[in-house]
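K.L.:
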Amino acid sequence: MVDFTGIERVRELVNRTGTAAFIEALAGEIEADYRRWDEFDKSPRHAVHSPVGVIELMPISDGRLYSFKYVNGHPKNTAQGLLTVTAFGVLADVATGYPILLSELTLTTALRTAAMSALAARWLARSNSRTMALIGNGAQSEFQSIAFHHMLGIRELRLYDVDPAATSKLERNLAALSLPGLRVVRCTSAAEAARGADIVTTVTADKRNAIILTPEMIEPGMHLNAVGGDCPGKTELHGDILRRPDARVVVEYEPQSRVEGEVQQLPADFPVSEFAEVVAGRAPGRTHDGEVTIFDSVGFALEDFAALRYVHKLHRAERGSRATIDIVPELQNPKDLFALLAQRPAQARPAARHIRVSA
Ligand SMILES: NC(=O)c1ccc[n+]([C@@H]2O[C@H](COP(=O)([O-])OP(=O)(O)OC[C@H]3O[C@@H](n4cnc5c(N)ncnc54)[C@H](O)[C@@H]3O)[C@@H](O)[C@H]2O)c1
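For the sequence shown, the residue numbers in the working numbering are 102 to 460.
Spelled out as structure tokens, the structure:
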């Protein structure tokens with residue numbers, strides 16, 4: 102049987118740990134995996150585009166474990182009452198090729214993206230950062246808020262979204278959370294939100310080369326956490342921001358980011374550093390307070406690998422029953438797969454339930 106962590110189970114694991122603590126622990130797992138970057142068999146994700154969205158597969162392996170994530174990005178979905186981003190994934194044992202965990206990854210993607218954003222900001226933002234603009238107040242925005250409040254010490258959040266209802270939803274959710282010392286300011290434009298901010302997070306969804314941030318909004322010393330531009334023809338920053346002489350651009354995995362990130366707007370030899378190089382000390386993070394640092398985030402498979410491992414560890418840590426799912430046959434004679442069909446229903450193992458709970 103394959104372990105199974107659906108939405109209910111992940112919700113339970115996160116609530117038991119506490120959302121902020123979960124995100125911070127996950128950031129630790131992600132950083133640990135970025136520190137062993139060279140052990141991973143990496144490739145850019147495989148994307149199938151349509152005029153309204155993208156469906157992607159994200160595989161990676163460290164030689165012992167393998168994972169993949171299925172994820173979509175459909176910015177117009179919310180108009181039909183559907184999420185922009187949904188995902189699920191698998192963790193597998195390289196030695197046998199057997200899957201060991203099937204998991205929801207929609208909630209987990211929001212948690213891991215927030216964890217990765219805050220982790221990158223720990224390396225790149227000024228350590229005295231207290232104010233963050235949060236532009237794009239949709240599904241990811243609470244997770245980003247919690248991560249930056251908890252891991253970076255952000256005490257003022259400046260919100261903006263073209264959809265006022267999205268900002269109202271975020272305000273309500275943040276008020277219910279009562280994050281200690283947090284002041285929330287509603288702004289009427291991206292420029293107003295960014296003014297005076299130490300960190301600017303853009304997490305908007307629109308399948309085009311949007312320009313959420315323009316050069317005159319950027320102040321010396323800012324850290325930009327550019328999350329929403331994550332596939333070809335889908336960006337958020339004006340190219341001149343990246344070209345600033347005082348800007349340092351950090352990406353996750355260069356071959357993927359050149360195609361999907363903000364840097365797709367620039368020539369292939371435009372200088373970028375990979376986050377793994379920064380963590381390993383092979384590339385500088387921030388070198389002085391006046392520098393503009395840009396985390397050109399697109400989301401890399403290693404972050405989902407770390408998240409699947411972490412969720413699996415929590416899932417298995419508990420005594421008692423755990424959910425499993427019967428997607429791999431269990432046979433007395435592995436050469437006799439046909440026996441599965443020949444079995445009468447009463448003899449079939451496991452019983453014809455999709456999910457069963459085993460001790
Ligand atoms: N980098 C990563 O690892 C990563 C991970 C997950 C999601 N994403 C991306 O993050 C983005 C947000 O995801 P989501 O799940 O929150 O989507 P969502 O649709 O729930 O929210 C996006 C919000 O952006 C707002 N918006 C659109 N255009 C805007 C503009 N010009 N100015 C201000 N606000 C604007 C929308 O009104 C909406 O409220 C998506 O583009 C998604 O692909 C990236």
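Every residue gets a Cβ at the ideal spot worked out from N, C-alpha and C, and that includes glycine.
Can you determine whether any heavy atom of ligand 2 sits closer than 8 Å to the C-beta of K335, and answer yes or no?
P.N.:
Judged by which ligands are present, ligand 2 is missing from the structure shown, whose ligands are ligand 1.
K.L.:
Express the C-alpha separation of C288 and S459 in angstroms, rounding to a whole number.
P.N.:
In the sequence shown, counting from the first residue as 1, residue 459 sits at position 358. In the sequence shown, counting from the first residue as 1, residue 288 sits at position 187. Note that S459 has pLDDT 42, beneath the 50 cutoff, so the model's placement of it is unreliable and no number is given.
K.L.:
Output the boundary residues of the alpha helix (DSSP H) element that contains E337.
P.N.:
Within the sequence shown, the letter at position 236 stands for residue 337. Not the alpha helix (DSSP H): E337 falls in the beta strand (DSSP E), residues 336-338.
K.L.:
For G297, which residues from the same chain have a beta carbon less than 6 Å from its beta carbon, with the 5 sequence-adjacent residues on both sides left out?
P.N.:
Stepping through the sequence shown from its first residue, residue 297 is reached at position 196. Contacts found: none.
K.L.:
Measuring alpha carbon to alpha carbon, tell me which residue in H175, G322, A133, G174 is nearest D163.
P.N.:
Sequence index remark: in the sequence shown, residue 163 carries index 62 (1-based). It is A133.
K.L.:
If I measure Cβ to Cβ from R345 and keep anything under 8 Å in the same chain, skipping five residues before and after, which residues do I get?
P.N.:
As a working mapping, residue 345 is identified with position 244 in the sequence shown. Counting only Cβ-Cβ distances below 8 Å, and skipping sequence neighbours, we find P316, I319, V393.
K.L.:
What whole-angstrom Cβ distance do H324 and D299 have, given they're in contact under 8 Å?
P.N.:
Here residue 324 refers to the residue found at position 223 when the sequence shown is read from its first residue. Here residue 299 refers to the residue found at position 198 when the sequence shown is read from its first residue. About 7 Å separates the two Cβ atoms, so the contact holds.
K.L.:
Check for me: the alpha helix (DSSP H) holding G322 runs from which residue to which?
P.N.:
Counting from 1 along the sequence shown, the entry for residue 322 is found at position 221. Where G322 is concerned, there is no enclosing alpha helix (DSSP H), given that its DSSP letter is neither H nor E.
K.L.:
So for G174, helix, strand or coil by DSSP?
P.N.:
One-based indexing of the sequence shown puts residue 174 at position 73. If DSSP states are grouped into helix, strand and coil, G174 belongs with the strands.
K.L.:
Does ligand 1 have a heavy atom nearer than 8 Å to the CB of G400?
P.N.:
For the purposes of this step, residue 400 is identified with residue 299 of the sequence shown, where counting begins at 1. Because some heavy atom of ligand 1 lies under 8 Å away, the Cβ of G400 counts as near it: yes.
K.L.:
Roughly how many angstroms lie between the CA atoms of E353 and E375, to the nearest whole one?
P.N.:
On the sequence shown, residue 353 is found 252 positions in, with the first residue counted as 1. On the sequence shown, residue 375 is found 274 positions in, with the first residue counted as 1. Looking at the two C-alpha atoms, the distance is approximately 5 Å.
K.L.:
Beta-carbon separation of H304 and Q365 under 9 Å?
P.N.:
Along the sequence shown, one-based indexing puts residue 304 at 203. Along the sequence shown, one-based indexing puts residue 365 at 264. Note that residue 304 is Val in the sequence shown, not His. No, they are not a contact pair.
K.L.:
Flag this pair as yes or no: are the beta carbons of T232 and I255 separated by less than 9 Å?
P.N.:
Here the question's residue 232 lines up with position 131 in the sequence shown. Here the question's residue 255 lines up with position 154 in the sequence shown. Against a cut-off of 9 Å, the Cβ pair of I255 and T232 comes out as a contact.
K.L.:
Among I426, G182, A221, R423, whose alpha-carbon lies nearest the alpha-carbon of A128?
P.N.:
Locating residue 128 in the sequence shown gives position 27, where the first residue counts as 1. Closest by alpha carbon: A221.
K.L.:
Between the stretch 207-216 and the stretch 183-196, are three or more C-beta pairs nearer than 8 Å?
P.N.:
yes
K.L.:
Express the C-alpha separation of L403 and L258 in angstroms, rounding to a whole number.
P.N.:
Residue numbering aside, residue 258 sits at position 157 when the sequence shown is read from its first letter. Residue numbering aside, residue 403 sits at position 302 when the sequence shown is read from its first letter. Take the alpha-carbon of L258 and the one of L403: they are about 29 Å apart.
K.L.:
Measuring only from the beta carbon, is D427 closer than 8 Å to any heavy atom that is part of ligand 1?
P.N.:
Sequence index remark: in the sequence shown, residue 427 carries index 326 (1-based). Checking every heavy atom of ligand 1 against the Cβ of D427, none is found closer than 8 Å.
K.L.:
Quickly, what does DSSP pair L203 with across the bridge? List them, please.
P.N.:
On the sequence shown, position 102 is the one that residue 203 refers to. Answer is F105, V191.
K.L.:
Buried or exposed: which applies to R454, given that a residue is buried once 16 or more other Cβ atoms fall within 10 Å of its Cβ?
P.N.:
As a first step, residue 454 must be located in the sequence shown, where it is residue number 353. Unreliable positioning characterises R454 in this predicted model, as indicated by a pLDDT of 37, which lies under 50. A coordinate reading is not provided.
K.L.:
Mapping DSSP to helix, strand and coil, what is D397?
P.N.:
The residue given as residue 397 occupies position 296 in the sequence shown. Residue state, collapsed to three classes: strand.
K.L.:
Since I believe A424 is in contact with R110 (beta carbons under 8 Å), could you give me their beta-carbon distance rounded to a whole number of angstroms?
P.N.:
What you label residue 110 is simply residue 9 of the sequence shown in a count that begins at 1. What you label residue 424 is simply residue 323 of the sequence shown in a count that begins at 1. Confirmed, about 6 Å.
K.L.:
Could you tell me which residues DSSP puts in a beta bridge with M159?
P.N.:
Your numbering for residue 159 matches position 58 in the sequence shown. The partner list for M159 (beta bridge, DSSP) reads K170.
K.L.:
Just how far apart, CA to CA, sit I456 and E205?
P.N.:
Here residue 456 is taken as the residue at index 355 of the sequence shown, counted from 1. Here residue 205 is taken as the residue at index 104 of the sequence shown, counted from 1. In this prediction, I456 has a pLDDT of 44, which is less than 50 and means its spatial position is unreliable; nothing more can be read from the coordinates.
K.L.:
With a threshold of 8 Å, are at least 3 pairs of Cβ atoms found where one atom belongs to the stretch 138-145 and the other to the stretch 161-177?
P.N.:
Segments in contact, yes.
K.L.:
Using DSSP bridges, identify the partner residues of R110.
P.N.:
Within the sequence shown, numbered from 1, the residue matching residue 110 stands at position 9. Answer is none; R110 lacks a bridge partner.
K.L.:
Measuring CB to CB, does P145 end up less than 9 Å from Q357?
P.N.:
On the sequence shown, position 44 is the one that residue 145 refers to. On the sequence shown, position 256 is the one that residue 357 refers to. Against a cut-off of 9 Å, the Cβ pair of Q357 and P145 comes out as a contact.
K.L.:
If we ignore side chains and look at the alpha-carbon of each, how far apart do E419 and F105 end up?
P.N.:
The count along the sequence shown starts at 1 and reaches residue 419 at position 318. The count along the sequence shown starts at 1 and reaches residue 105 at position 4. Their Cα atoms are separated by approximately 14 Å.
K.L.:
Less than 9 Å separating the beta-carbons of G386 and G322?
P.N.:
The count along the sequence shown starts at 1 and reaches residue 386 at position 285. The count along the sequence shown starts at 1 and reaches residue 322 at position 221. Against a cut-off of 9 Å, the Cβ pair of G322 and G386 comes out as no contact.
K.L.:
Using the three-state DSSP reduction, which class does N374 fall into: helix, strand or coil?
P.N.:
Taking the first residue of the sequence shown as 1, we reach residue 374 at position 273. As written in the sequence, residue 374 is Ser, which differs from the Asn given in the question. In this structure, S374 counts as strand in the three-state DSSP scheme.
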